[in-house]
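First comes the structure, then the notes that go with it.
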Amino acid sequence: MPARIVILGGGFAGLATARELERLLRPSEAELTLVSRENFSVFTPMLPEVSSGNLESRHIVTPVRAQLRRTQFVLGEVDAIDLEQKRVAVRHVILGTRRTYEYDQLVLALGAVTSTFDLPGVAEHALPLKTLDDADRLRNHVIAMLELADVTADPAQRQRLLRFVFVGGGFTGVEAAGEMVDLFRSTLRFYRSIAPHEVEIYLVEGGKKLLPELQAGMGEYSARALGRRGVRVLLESMVAEADHDGLTLKGGRHLSTATLVWSAGVRPSPSIAALSIASGRGRSIPTSADMSVPGYPGLWALGDCASIPAPAGGTYPPTAQHALREGPWLAHNIAATLRGSATKTFRYDALGMMASLGGRRGVAGLRGRFLLTGFLAWMLWRTYYLLRLPGLDRRVRVALDWTLGLLFPRDISELRVYTESARLHSLLEAGLKPVRAAPEEEA
Ligand SMILES: Cc1cc2nc3c(=O)[nH]c(=O)nc-3n(C[C@H](O)[C@H](O)[C@H](O)COP(=O)(O)OP(=O)(O)OC[C@H]3O[C@@H](n4cnc5c(N)ncnc54)[C@H](O)[C@@H]3O)c2cc1C
Numbered sequence: 003m004p005a006r007i008v009i010l011g012g013g014f015a016g017l018a019t020a021r022e023l024e025r026l027l028r029p030s031e032a033e034l035t036l037v038s039r040e041n042f043s044v045f046t047p048m049l050p051e052v053s054s055g056n057l058e059s060r061h062i063v064t065p066v067r068a069q070l071r072r073t074q075f076v077l078g079e080v081d082a083i084d085l086e087q088k089r090v091a092v093r094h095v096i097l098g099t100r101r102t103y104e105y106d107q108l109v110l111a112l113g114a115v116t117s118t119f120d121l122p123g124v125a126e127h128a129l130p131l132k133t134l135d136d137a138d139r140l141r142n143h144v145i146a147m148l149e150l151a152d153v154t155a156d157p158a159q160r161q162r163l164l165r166f167v168f169v170g171g172g173f174t175g176v177e178a179a180g181e182m183v184d185l186f187r188s189t190l191r192f193y194r195s196i197a198p199h200e201v202e203i204y205l206v207e208g209g210k211k212l213l214p215e216l217q218a219g220m221g222e223y224s225a226r227a228l229g230r231r232g233v234r235v236l237l238e239s240m241v242a243e244a245d246h247d248g249l250t251l252k253g254g255r256h257l258s259t260a261t262l263v264w265s266a267g268v269r270p271s272p273s274i275a276a277l278s279i280a281s282g283r284g285r286s287i288p289t290s291a292d293m294s295v296p297g298y299p300g301l302w303a304l305g306d307c308a309s310i311p312a313p314a315g316g317t318y319p320p321t322a323q324h325a326l327r328e329g330p331w332l333a334h335n336i337a338a339t340l341r342g343s344a345t346k347t348f349r350y351d352a353l354g355m356m357a358s359l360g361g362r363r364g365v366a367g368l369r370g371r372f373l374l375t376g377f378l379a380w381m382l383w384r385t386y387y388l389l390r391l392p393g394l395d396r397r398v399r400v401a402l403d404w405t406l407g408l409l410f411p412r413d414i415s416e417l418r419v420y421t422e423s424a425r426l427h428s429l430l431e432a433g434l435k436p437v438r439a440a441p442e443e444e445a
């Protein structure tokens with residue numbers, strides 16, 4: 003009988019694992035199943051450019067089925083994982099029908115969701131930037147604020163509408179704030195009643211510097227570059243709470259704003275945090291060095307939902323760069339286990355980290371030693387990520403978007419993409435189950 007290998011999650015980590023397993027194992031050795039709630043994967047490093055209208059949202063996603071050859075794909079929401087009985091309950095995303103999948107090997111690659119650290123009012127009033135829907139919604143929201151400001155005479159109201167606050171000085175906050183400057187520079191000409199100096203962009207970070215997890219110098223350069231472009235960077239500023247008017251920092255400073263973008267943290271997917279073994283970073287799954295989960299033979303975890311020990315101490319960071327390396331390594335370890343050989347400790351020395359700052363500027367730390375800044379770093383960012391984007395057709399589309407972006411202003415059509423899938427997402431993230439009248443079906 004072929005081993006039943008079930009992979010949960012169709013992001014960077016899950017897909018990289020499935021593709022390598024397809025290559026390593028013969029159909030007679032393993033039956034592969036991948037479960038994910040969307041039938042596409044999102045290339046997250048390009049999400050900030052979707053939120054600023056520089057890239058079309060469909061161009062940065064790739065269908066899961068197009069990335070797999072013989073793995074069975076299930077469009078489903080993982081409802082429950084029974085580690086003792088070795089089975090997973092999955093609800094079909096469209097039909098709502100329930101099915102149970104039994105496994106011999108289970109790969110947990112469910113990623114992470116936005117965390118607001120239970121700060122009062124933040125979940126209700128902030129816009130996250132984690133999914134494709136979030137990016138589309140943010141773009142439409144920003145354009146809607148410009149439309150409202152255009153017809154608002156009251157100075158206090160105009161200031162609230164034209165103040166955009168990004169919280170979190172990591173990749174997402176830094177890149178999104180830089181992109182917003184580009185969006186306004188390109189589109190304000192269409193709003194004749196709004197003077198450029200009326201638009202305020204804030205970037206709020208609790209730590210002493212931006213990009214705190216990256217090599218020395220990158221955060222300082224980013225703060226200077228963004229500052230030169232008009233972004234007000236507030237360091238060592240912790241958020242206390244948010245309400246309908248804006249946000250309040252610890253210490254009492256209040257920023258009245260109609261746009262609060264939250265990218266200050268992530269926590270593992272709720273299906274992972276619900277497991278009794280979730281005791282790692284932010285309730286992620288602590289693994290052994292080969293990505294197996296101690297005490298549960300046949301159970302593996304990787305990507306943002308796992309805490310994988312790094313040889314130098316601590317755990318590997320939750321980035322796409324690491325997830326893409328962990329996947330194939332884990333596949334080799336599963337193949338070794340099935341064939342009765344020894345597994346190997348995961349080792350990866352990151353090549354470097356890059357961030358795009360908008361305005362054709364970037365910053366790149368290479369091998370933890372060299373710092374590249376400005377136009378060259380931005381070109382490196384674009385070239386590297388374009389080549390990593392799955393699918394030749396997607397690469398061509400993104401390259402065309404970028405070329406058109408150099409020639410034409412950004413699109414200010416406000417499309418109101420408050421779609422069914424966006425509603426579904428927010429319900430799921432809030433831990434609520436969308437109500438569907440659907441028959442129960444057990445396999
Ligand atoms: C805006 C942004 C920019 C980023 N930029 C960079 C960057 O420049 N460089 C970099 O290295 N990293 C970057 N990252 C981080 C990177 O995206 C993550 O580290 C990476 O996505 C982790 O991969 P993963 O496979 O573990 O999780 P994910 O890619 O999140 O995949 C998890 C998958 O599981 C699915 N899923 C979750 N729960 C369920 C469930 N209950 N049922 C069914 N399916 C489920 C999800 O829908 C998703 O498809 C960025 C992240 C964001 C949000």
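According to my numbering, the sequence shown holds residues 3 to 445 in order.
Idealized CB from N, CA, C, for every residue including glycine.
For clarity, every value in this text was computed on a predicted model and none was experimentally measured.
query	result
Status (buried if at least 16 other CB within 10 Å, exposed otherwise) for Gly253	exposed
Contact the stretch 318-326 vs the stretch 255-264: 3+ CB pairs below 8 Å	no
Inter-residue Cα distance where the pair is Met356 and Leu236	22 Å
Close beta carbons around Ala244, own chain, < 8 Å, minus the five adjacent residues each side	Leu121, Pro122, Gly123, Val124, Glu126, His127, Ala128, Thr250, Leu262
Alpha helix (DSSP H) segment containing Pro270, residue limits	It is not in any alpha helix (DSSP H) - Pro270 instead sits in the beta strand (DSSP E) that spans 268-270.
CB of Thr375 within 7 Å of CB of Tyr223, strictly	yes
Rounded C-alpha distance that separates Ala291 from Val115	24 Å
Classification of Thr133 by the beta-carbon crowding that lies within 10 angstroms, buried from 16 upward	buried
Rounded C-alpha distance that separates Ser415 from Leu353	39 Å
Residue closest to Gly98, alpha-carbon to alpha-carbon, out of Phe119, Leu112, Val76, Val109	Val76
CB contact flag (Arg162, Thr154, <7 Å)	no
With 16 other Cβ atoms within 10 Å as the buried cut-off, status of Phe119	exposed
Complete alpha helix (DSSP H) runs within the stretch 176-213 (minimum length 4 residues, chain order)	none
Entirely enclosed alpha helix (DSSP H) segments - the stretch 334-401, minimum 4 residues	376-390
Any non-hydrogen atom of ligand 1 within 6 Å of Gln323 CB	yes
The stretch 71-87 contacting the stretch 267-279, beta-carbon criterion three pairs below 8 Å	yes
As assigned by DSSP and simplified to three states, the class of Pro313	coil
Glu328 to Pro313 span [Cα, whole Å]	14 Å
Which residues DSSP lists as bridging Trp264, in chain order	Pro130, Val169
Distance, Trp302 Cα to Ile336 Cα	9 Å
Residues near Ser271 in its chain [Cβ-Cβ closer than 7 Å; skip 5 each side]	Leu112, Gly113, Ala114, Val115, Cys307
Reduced DSSP category for Gly407 - H, G, I as helix; E, B as strand; rest coil	helix
Contacts around Leu57, its chain only, beta-carbon distance under 7 Å, and the 5 residues preceding and following it disregarded	Met48, Glu51, Val400, Asp403
Own chain, CB closer than 8 Å to Arg234, minus 5 neighbours either side, in chain order	Glu202, Ile203, Tyr204, Leu205
One or two residues paired with Phe75 in a DSSP bridge	Leu36
Nonlocal neighbours in the same chain, by C-beta distance under 6 Å from Tyr420, ignoring five residues either side	In this prediction, Tyr420 scores a pLDDT of 45, lower than 50, which makes its location untrustworthy; the coordinate-derived value is nonetheless stated afterwards. Once the five neighbours on either side are set aside, Tyr420 has no close Cβ partner at all.
Collapsed DSSP secondary structure at Tyr103 in the structure displayed	strand
For Ser53 and Asp136, the rounded distance between their alpha carbons	8 Å
Simplified DSSP assignment, three categories, for Gly248	strand
Whole-angstrom distance between Arg362 and Tyr298, CA atom to CA atom	49 Å
Closer than 7 Å to chain B by CB, Phe75	Among the protein chains of the structure shown there is no chain B, as only one such chain exists.
Limits of the unbroken alpha helix (DSSP H) element including Pro122	Looking at the DSSP string, Pro122 is not in any alpha helix (DSSP H), and its letter there is neither H nor E.
Opposing strand residues paired with His94 [DSSP bridges]	Gly78
Proximal residues to Ser258 (C-beta, below 6 Å), its chain only, five neighbours per side dropped	Arg162, Asp247, Gly248
Residue burial classification, Ala197 (beta-carbon count within 10 angstroms, cutoff 16)	exposed
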